[in-house]
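2 protein chains.
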Amino acid sequence: MCPASKSKHIPRATIQRLAIYLQVLDALDNENVEVISSERLAAACDVNPSQIRKDLAYFGEFGVRGVGYNVPKLIQSIKESLGTDRIWRVALIGVGNLGRSLLRYQGFLKRGFQIVAAFDCDPFKIGDTVAGLEVMCPRRMKEHVRDLHIEIGIITTPAERAQRAANHLIEADIRCILNFAAARIQVPEHIYVEYVDFFHHMYALTFKYCIGEAQRAEKTPSS
Amino acid sequence: MCPASKSKHIPRATIQRLAIYLQVLDALDNENVEVISSERLAAACDVNPSQIRKDLAYFGEFGVRGVGYNVPKLIQSIKESLGTDRIWRVALIGVGNLGRSLLRYQGFLKRGFQIVAAFDCDPFKIGDTVAGLEVMCPRRMKEHVRDLHIEIGIITTPAERAQRAANHLIEADIRCILNFAAARIQVPEHIYVEYVDFFHHMYALTFKYCIGEAQRAEKTPSS
DNA sequence: CCGTGCTTGTTCACTATTTCACAACGTGTG
DNA sequence: CACACGTTGTGAAATAGTGAACAAGCACGG
Numbered sequence: 005m006c007p008a009s010k011s012k013h014i015p016r017a018t019i020q021r022l023a024i025y026l027q028v029l030d031a032l033d034n035e036n037v038e039v040i041s042s043e044r045l046a047a048a049c050d051v052n053p054s055q056i057r058k059d060l061a062y063f064g065e066f067g068v069r070g071v072g073y074n075v076p077k078l079i080q081s082i083k084e085s086l087g088t089d090r091i092w093r094v095a096l097i098g099v100g101n102l103g104r105s106l107l108r109y110q111g112f113l114k115r116g117f118q119i120v121a122a123f124d125c126d127p128f129k130i131g132d133t134v135a136g137l138e139v140m141c142p143r144r145m146k147e148h149v150r151d152l153h154i155e156i157g158i159i160t161t162p163a164e165r166a167q168r169a170a171n172h173l174i175e176a177d178i179r180c181i182l183n184f185a186a187a188r189i190q191v192p193e194h195i196y197v198e199y200v201d202f203f204h205h206m207y208a209l210t211f212k213y214c215i216g217e218a219q220r221a222e223k224t225p226s227s
Numbered sequence: 005m006c007p008a009s010k011s012k013h014i015p016r017a018t019i020q021r022l023a024i025y026l027q028v029l030d031a032l033d034n035e036n037v038e039v040i041s042s043e044r045l046a047a048a049c050d051v052n053p054s055q056i057r058k059d060l061a062y063f064g065e066f067g068v069r070g071v072g073y074n075v076p077k078l079i080q081s082i083k084e085s086l087g088t089d090r091i092w093r094v095a096l097i098g099v100g101n102l103g104r105s106l107l108r109y110q111g112f113l114k115r116g117f118q119i120v121a122a123f124d125c126d127p128f129k130i131g132d133t134v135a136g137l138e139v140m141c142p143r144r145m146k147e148h149v150r151d152l153h154i155e156i157g158i159i160t161t162p163a164e165r166a167q168r169a170a171n172h173l174i175e176a177d178i179r180c181i182l183n184f185a186a187a188r189i190q191v192p193e194h195i196y197v198e199y200v201d202f203f204h205h206m207y208a209l210t211f212k213y214c215i216g217e218a219q220r221a222e223k224t225p226s227s
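Residue numbers (our numbering), protein chains in the order written: chain A, 5 to 227; chain B, 5 to 227.
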């Protein structure tokens, strides 16, 4: 499936950067840029050119020496490397505000994902239709996952119900979980979990700002 | 403001983990857990206990040897370290689907943030009221930022308009930008930017899954 | 068909981060 | 008051990731 990645260990940071390259490359492709050098791509992504070449080298040789990288080809290659050169079928659990927003969001398919089922344990929500999907009871999850070939579960419940949602997903043999709830969840070894919480980024901002200002104050010991 | 951080450089990864600790500690606090050891906290956060102790040591000595950490006190200490022991005033630019969701989201204040202004350049949206805030024209941003003491800007425009939104924010002397748009933005040196894109996490998931399955296949060279 | 110019892929030294291991030190008990 | 216990804070070792430098190799021009 994924082209082997040369059986070397690949840093997590590399994967995050690949996602960034993809974003920038998509923009370039829309502007019909055909070829780009690691140097110019690096400038756009705000990283070191060597870094880009090394990141890509984990997966193969995608460039042409003396020329650079063909943009559409590189996009395809990165997608293959990340495993998103196909559509992944996704279930969402927790049809609250956030859940509904995601269900209505049009951008999934373009990025290789398709939400094909929605679950919520609130009996008043079960049976409702959101963005063309009927909200279903989590107790029936296992059979739906099997029938619909679902591989990824997105948790958008309140924090206190995240673990229960995760248990439903695990029970239904889902191996990949994206957790938007503001809570850590416990899962067995063989399940992959990623956490999405934009407050983490907020904190990173306020922290960098504080540090930055403190250093400024040091350099300018005014008043 | 922030307690000095002992003037040592602090890894970015540490900041991300502090945000995680905070999340778990909040949950513990709600369960009225008073004291926790680095070992048990580490288990809940899925990191190494030494890691936690070292992360905290960057900012001070918060624990009691032989006992552990007082949960409420540690929460407070981490908040101070991150610079979120006060309310940050935030502006949002781009009142689309995502923007509206964020404006309506109730959880900001609890985490130390307050959205006090919303901007959109669509003349049909200007003047509308969303979650009690009047949508305003970005051209008037500078004065609003000054009058409302805004320090952080959140970009929720479509990707192609992210740079323009960023320019407005920079022009209005905002130093911290949280960018939800799927595009990189160019900013001067002294501006802090953080990117939020849950597809990055999606890709991390699919990638880990592919690698994991490949390794499985290796160990079990079946058929 | 060879040489020049340019950019990749890759090595290596360096820097940053994580983990280990243990000394330091409160707490509670006899 | 002294001792045993338990957990922190921290220096040192191991591991991981980054950036500079350069050899390799394609494209184009003469």
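Where a beta carbon is used, it is the ideal one built from N, C-alpha and C, also for glycine.
> Just the Cα atoms here: how many angstroms apart are residue 113 of chain B and residue 23 of chain B?
Replying inline: 16 Å
>> Taking only three categories from DSSP, how would you classify residue 74 of chain B?
In response: strand
> Beta-carbon separation of residue 160 of chain B and residue 184 of chain B under 8 Å?
Replying inline: Taking 8 Å as the Cβ cut-off, residue 160 of chain B and residue 184 of chain B qualify as a contacting pair.
> By Cβ distance below 6 Å, which residues in the same chain neighbour residue 6 of chain B in space, the five residues on each side in sequence not counted?
Replying inline: Confidence in residue 6 of chain B is poor, its pLDDT being 48 and thus under 50, which makes the residue's placement too unreliable to answer from.
> What do you reckon, is the C-beta of residue 94 of chain B under 7 Å from a heavy atom of the ligand MN?
Replying inline: The ligand MN is absent from the structure shown, which contains no ligand whatsoever.
> Is residue 140 of chain A closer than 8 Å to residue 123 of chain A when the C-beta atoms are compared?
Replying inline: yes
> Which chain B residues are close to residue 105 of chain A, counting only those with a beta carbon under 8 Å from its beta carbon?
Replying inline: By Cβ distance, chain B contributes 101, 102, 105.
> If the cut is a Cβ gap below 7 Å, which residues of chain A does residue 205 of chain B touch?
Replying inline: Within 7 Å Cβ-Cβ: 182, 198, 200.
> Span of the alpha helix (DSSP H) holding residue 168 of chain B?
Replying inline: Taken as a continuous stretch (DSSP letters only), the alpha helix (DSSP H) holding residue 168 of chain B covers 166-175.
> Whole-angstrom Cβ separation of residue 85 of chain B and residue 63 of chain B, contact assumed at under 8 Å?
Replying inline: 4 Å
> With which residues is residue 158 of chain B paired in a DSSP beta bridge?
Replying inline: B:96, B:182
>> Just to confirm before moving on: does the CB-CB distance between residue 29 of chain A and residue 79 of chain A stay below 8 Å?
In response: For residue 29 of chain A and residue 79 of chain A, yes; Cβs fall inside 8 Å.
> chain B beta carbons: is any one of them nearer than 8 Å to that of residue 88 of chain A?
Replying inline: yes
> Taking residue 163 of chain A as the reference, which of B:92, B:12, B:27, B:143 has the closest Cα?
Replying inline: The residue with the shortest Cα to Cα distance from residue 163 of chain A is B:27.
> Can we say the segment 213-220 of chain B touches the segment 180-198 of chain B, given the rule of at least three CB pairs closer than 8 Å?
Replying inline: no
>> With three or more beta-carbon pairs closer than 8 Å as the criterion, would you say the segment 99-111 of chain A touches the segment 131-151 of chain A?
In response: Yes, since at least three Cβ pairs between the segment 99-111 of chain A and the segment 131-151 of chain A fall closer than 8 Å, the two stretches touch.
> Among A:101, A:67, A:170, A:147, which one has its Cα closest to the Cα of residue 198 of chain A?
Replying inline: A:170
>> So, with DSSP's three-state summary, where would you put residue 118 of chain B?
In response: Strand, per DSSP.
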